[in-house]
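2 protein chains.
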Amino acid sequence: LKLPASGEGRQVSDAGERAVIERIRQRLPPAPAALVVGIGDDAAVARPDRGALQVLTTDALVEGVHFDRRFSTPADIGSKALAVNVSDIAAMGGAPRLALLSLMLPAETTLEMVDGLIDGLIAMAAASGVTLAGGNLTRTPGPLVIDVTVVGSVKPRKILRRGGGRAGDAVYVTGEIGAAAAGLGWLRAHADTPCLPDDAALAACVMRHRRPEPRTRIGSLLGRNRAANACMDLSDGLADAVAEVAAASGTGALIDAALLPIHPGARAWFTSAGLDPVAAALSGGDDYELLFTVPKRRRGRLRAVIREGRGVTVTRIGELTADREVALVRDGVREPLPAGFVHF
Amino acid sequence: LKLPASGEGRQVSDAGERAVIERIRQRLPPAPAALVVGIGDDAAVARPDRGALQVLTTDALVEGVHFDRRFSTPADIGSKALAVNVSDIAAMGGAPRLALLSLMLPAETTLEMVDGLIDGLIAMAAASGVTLAGGNLTRTPGPLVIDVTVVGSVKPRKILRRGGGRAGDAVYVTGEIGAAAAGLGWLRAHADTPCLPDDAALAACVMRHRRPEPRTRIGSLLGRNRAANACMDLSDGLADAVAEVAAASGTGALIDAALLPIHPGARAWFTSAGLDPVAAALSGGDDYELLFTVPKRRRGRLRAVIREGRGVTVTRIGELTADREVALVRDGVREPLPAGFVHF
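Those protein sequence lines, which keep their order, are chains A and B.
The numbering of the first sequence is my numbering, which starts it at 78 and goes up by one.
The numbering of the second sequence is my numbering, which starts it at 78 and goes up by one.
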């Protein structure tokens, strides 16, 4: 793996808008039959899934806020721009279907940069069953922005909202937490080292920051068999997600520090940086895992989801409570949950 | 009408992301029943129209490229950001239904600015039958960006593509052309004059730049009764649209300069600025009128559309031809069409 060299190729301002669009179009795989009109008309037209509701989300990556070209390749950025949207669809129990790509490019953006963005986005689209249906391209006097919209589908009564939890439900999280924050921390501390850390666990953390993998399959399974009654993704960190789900559900939550699946590389990195690994993992954003709640009587359904989940781990970390307090229990003592990632 | 004063109020960076989202939410009208999950969850969920295809488009306005705060109020910008997307849906023969709003705000953006953007967007949403279903908010170190996605619906076999025209079809345009370009020209020439021109026709041109009105109803009618076989909006100017429709349809086109419905205020402004009004009106972008083609046997259907079109004028300006030449006929002499608006 190589971090990006500074672009020296032809710039989008020389190539012109149409040439860039044509270049993007040539990189796309053949469109499925459900895409009736693709790139090149005033709008895209697609056949929706029969009997399904539409799920819609949009999320933007802004250079200097959400990514740094020293730390991420163009393909990383393109992949992540789609992944964060797919994660939102998965968190609703939906299946992602179509993406629209809105690119705002500084004049000096190279064609190689655009190619890389598109290739990363296409790879994530293939992995998550998404078709790039259309988009928009414009120049900007500011930072590069890649804004993606994803439209998915979900069957009625299979929607996973944030507010469906009830007191007594067990709280679960997929995968491991803290990895993306630790990876970004390592990158910032090694900004002049264009390579990955030698330590495999820490290298996995860096890759989690650069190439998050949305929990597309498990989100859809959780919705379909109704194992979960509330769900949310961890874009702003686990602590934020717990607080949001509890508030929307009208409950409190008790999270057990000893149960948190903190990524081993993240635990080591936070500790070496003099941070409390529990607090850092709880407040670190950009982990696109899912938080969800399961009533006692549906634990059998959850086991079925885990069996079909292709090795994604699922960890019980606490429960929703009848009072409105949201707290972390550590060594038998309650403390407030740390705050999540703040966008302004 | 007043152009914006420089904002002196509280800034989004002080208020915080959640407070800004809550402020936006409070300005929205009640959601229709078709919006199953609105703002505040991982994604929005909506019930699609029965038996319809989805139409999807996205378009961004970038400060310093697409708007200038000296010339447009926040409400103008919010209204236009939605209008340009609704225009794309109308150009496909579709009915716009849902919008997602992606706002990238510099830290010093005032809450009043956000309120204005939202109020303008909500007014255009009400006028075009659109529900704001969700979106995303982020800070940016660059210019303000308002990126909107619109999802609409269209019945199968009622889609208006660019490439449906045939040689012999008459070419029509709605409304009047050149107004937005003339209005922007006037604003640039009077950048220190915070008011509208005294001349009513020129004032209408300025308002066309600031508050374009998409041809929502007529686009939908043209698709529904199948009067037109090709359609495109004039976001990049009439000359560009004629060239695009002809290329996509595999035809040429002859446009008659004497038939062009040039806005009277635009004609006067271009002439006073020493420009050829025909060339300026043909190449000026930002006129969100519709260009469409009608086969001879469907002219009766077009008359029905015009009757139901609530006073929107429709003008025949030429025809598609069997050879591939795209030309303007002026005083019996053919000349090439001028180029359209270039984004890079």
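All C-beta atoms, glycine included, are put in the ideal place defined by N, C-alpha and C.
query: CA-to-CA distance, B/Arg-380 to B/Asn-302, given in whole angstroms; result: 11 Å
query: Chain-ordered chain A contacts of B/Asp-246 [CB-CB under 8 Å]; result: Ordered by position in chain A, no residue passes the 8 Å Cβ test against B/Asp-246, which lies about 18 Å from the chain.
query: Interface residues of chain B facing A/Leu-130 [CB-CB closer than 8 Å]; result: Val-113, Val-122, Ala-123, Arg-124 and Pro-125
query: Chain-order list of residues whose beta-carbon lies under 7 Å from that of B/Val-113 (same chain, five-residue window excluded); result: Val-122, Ala-123 and Arg-124
query: Positions along the region 202-224 of chain B whose CB lies within less than 8 Å of some CB in chain A; result: Ala-210, Gly-211, Gly-212, Asn-213, Leu-214, Thr-215, Arg-216, Thr-217, Pro-218, Gly-219, Pro-220, Val-222 and Asp-224
query: Beta-carbon neighbours of B/Leu-175, restricted to chain A and to distances below 7 Å; result: Leu-133
query: Helix, strand or coil at B/Glu-140 [DSSP, three-state]; result: strand
query: Straight-line gap, B/Ser-179 to B/Thr-398 (C-alpha atoms, nearest Å); result: 42 Å
query: Contacts of A/Ala-281 in chain B (Cβ-Cβ under 9 Å); result: Neighbours of A/Ala-281 on chain B: none; closest Cβ ~25 Å, over 9 Å.
query: Alpha carbon of A/Glu-396 to alpha carbon of A/Lys-373, nearest angstrom; result: 11 Å
query: A/Asp-246 to B/Leu-209 span [Cα, whole Å]; result: 33 Å
query: Contact under 8 Å by Cβ, B/Arg-216 with B/Ala-176; result: no
query: Inter-residue CB distance, A/Gly-193 and A/Pro-151 (contact presumed, cutoff 8 Å); result: 3 Å
query: Cross-chain neighbours of A/Ser-179 in chain B, by beta carbon under 7 Å; result: Thr-135, Ala-137 and Asp-224
query: Neighbour list for A/Ala-168 in chain B, Cβ cutoff strictly below 9 Å; result: Asp-118, Asp-119 and Ala-120
query: Own chain residues within Cβ distance below 6 Å of A/Asp-400, not counting five before or after; result: Gly-329
query: Simplified DSSP assignment, three categories, for B/Ala-423; result: For chain B, the structure presents residues 78 to 421; residue 423 of chain B sits outside this window and is missing.
query: B/Met-190 at chain A interface by Cβ criterion, 8 Å; result: no
query: C-beta contact flag for A/Val-406 and A/Leu-414 at 8 Å; result: no
query: Neighbouring residues, chain A, relative to B/Ile-236 (Cβ below 8 Å); result: Val-113, Val-114 and Val-122
query: Any non-hydrogen atom of the ligand PLP closer than 7 Å to A/Ala-280 Cβ; result: Looking for the ligand PLP in the displayed structure turns up nothing, as the structure carries no ligands at all.
query: Residue range of the alpha helix (DSSP H) that includes B/Leu-180; result: Per DSSP, B/Leu-180 belongs to no alpha helix (DSSP H); it is in the beta strand (DSSP E), 172-182.
query: Chain A within 8 Å of B/Val-322, Cβ atoms only; result: no
query: Inter-residue spacing [alpha-carbon to alpha-carbon] between A/Arg-174 and A/Leu-133; result: 10 Å
query: Helix, strand or coil at B/Asp-269 according to DSSP, with G and I counted as helix; result: coil
query: Assigned secondary structure, A/Ala-185 (DSSP; H/G/I helix, E/B strand, else coil); result: Before going further, note that residue 185 of chain A is Glu rather than Ala in the sequence given. Coil.
query: Three-state secondary structure assigned by DSSP to A/Leu-279; result: helix
query: Buried versus exposed, by CB contacts within 10 Å (16 or more), A/Thr-270; result: exposed
query: B/Met-201 beta carbon less than 8 Å from that of B/Ser-149; result: no
query: Touch test, the region 139-148 of chain A against the region 233-241 of chain A, Cβ-Cβ under 8 Å, three pairs minimum; result: no
query: N- and C-terminal bounds of the beta strand (DSSP E) containing B/Leu-405; result: 403-407
query: Neighbouring residues, chain B, relative to A/Asp-165 (Cβ below 7 Å); result: Asp-119 and Ala-120
query: Near-chain A residues of the region 360-380 of chain B - C-beta to any C-beta below 8 Å; result: none
query: A/Ile-199 in three-state terms, based on DSSP; result: helix
query: Cβ neighbour criterion (16 or more within 10 Å) applied to A/Thr-187; result: buried
query: Beta-bridge pairing of B/Asp-310 - partner residues as DSSP gives them; result: B/Leu-367
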